[in-house]
């Protein structure tokens, strides 16, 4: 962790030297357990804002990710989101999924074919409720593609 922290600090220093404003997420305790009526989990990390936040022009869309361990990941970015909102950005939040067992194909994880299943239209999530990662989208000019 120490070596990784030093590398990140150096990376930030290089950006700042180039006059890039570096924003860091709030540090969360990802070992803390949490639960809802439908699931329980601990956090994962808050290192992937590209999975959580989709920026389209001046609108920031908070995605309803399917990973239970990422349910509260948005909290690491709340301070930044509020700052951008006060400065005029539009902040849109997709409805959070329940993440009950019905959202998942529980036999998928143990499948030895899991690398072949997506090509056949089978995924770890079901159609029980909408969920997506912001990282599933790519912009090309004025078009946005979902993968």
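In the working numbering, the protein residues as written are 943 to 1089.
Virtual Cβ for every residue (Gly too), placed ideally from N, Cα, C.
Here the structure is a predicted model, which means the values were calculated and not measured.
Is it right to say residue 1119 is buried, meaning 16 or more other beta carbons lie within 10 angstroms of its own, or is it exposed?
Nothing can be reported for residue 1119: it is not among the residues displayed for the chain, which extend from 943 to 1089.
Ranges of the alpha helix (DSSP H) found wholly within the region 986-1030, counting only runs of at least 4:
991-994 and 1020-1028
Helix, strand or coil: which one does DSSP assign to residue 1032?
Strand at residue 1032.
Quick one: Cα of residue 1020 to Cα of residue 1035, how far?
12 Å
Give, in chain order, every unbroken run of the alpha helix (DSSP H) that is at least 4 residues long and sits entirely within the region 944-979.
Within the region 944-979, the complete alpha helix (DSSP H) segments at least 4 residues long are 944-959, listed from N- to C-terminus.
What is the DSSP secondary structure of residue 1043, reduced to helix, strand or coil?
helix
For residue 1062, which residues from the same chain have a beta carbon less than 8 Å from its beta carbon, with the 5 sequence-adjacent residues on both sides left out?
Closer than 8 Å at the Cβ level, and outside the excluded window around residue 1062, lies no residue.
Would you say residue 971 and residue 1075 are within 8 Å of each other, going by their C-beta atoms?
Result no, Cβ atoms of residue 971 and residue 1075 do not sit closer than 8 Å.
What is the DSSP secondary structure of residue 1075, counted as helix, strand or coil?
coil
Checking 8 Å against the spacing of the C-beta atoms, do residue 1011 and residue 983 come in under that value?
Yes.
Beta carbon of residue 1039, beta carbon of residue 1006: below 8 Å?
For residue 1039 and residue 1006, yes; Cβs fall inside 8 Å.
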